[in-house]
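Numbering (our numbering), first residue to last: 3 to 189.
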């Protein structure tokens, strides 16, 4: 049994921002009438992050592996001095999960057969409207010979799909459940 502990603090200056270039104005062509906000990319944000991770690993018996991790992240992002940022600080701050958890479970049934499972939790990303989610993966492997290994894997098994990220502009990025097989040959 062992545990890995880590903590961190980071400070960032001149971080990515979207800066207002001039006053917003109304444009009528092309229709419909709309408001334009002239902006350009800049480096007007300052940020700090603090957090930590704990990752225990345990092998209760020779054929059984248990592990996991918990990560905490706290971000503070704001406009820097003389910044003309148009409001990207809350989006940047809310684009990383505050909490993440991973639980792993592995079995080595024989020299040639293994099963590995994972359960993962990611907290919400309020800056990009992504809800929290749980998902799981599983992989079964069989070493048919010294040179041939067969495996079947399932990813994101808890639901047909879930959103993990969202781009601006663009729709949310959804990750689908998938199952696949693999044959590996080594010399």
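For glycine and all other residues, C-beta sits at the position ideal for the given N, C-alpha and C.
- Residue closest to residue 172, alpha-carbon to alpha-carbon, out of 147, 158, 130: 130
- How should residue 17 be labelled, buried or exposed, when 16 other C-beta atoms within 10 angstroms of its C-beta is the threshold for buried? buried
- Message: Check this for me: beta carbons of residue 40 and residue 50, under 8 angstroms apart or not?
- Response: no
- Query: The beta strand (DSSP E) spanning residue 132 covers which residue range?
  - Reply: Where residue 132 is concerned, there is no enclosing beta strand (DSSP E), given that its DSSP letter is neither H nor E.
- Query: Who are the Cβ neighbours of residue 31 in its own chain at under 7 angstroms, not counting the five residues just before and after it?
  - Reply: none
- Query: With a Cβ-Cβ cutoff of 8 angstroms, do residue 186 and residue 151 count as a contact?
  - Reply: yes
- Inside the segment 75-124 only - alpha helix (DSSP H) runs reaching at least 4 residues: 90-95
- List the DSSP bridge partners of residue 16. Answer by DSSP bridge pairing: none, since residue 16 is not bridged.
- Nearest CA to the CA of residue 89: which residue from 166, 5, 42, 65? 42
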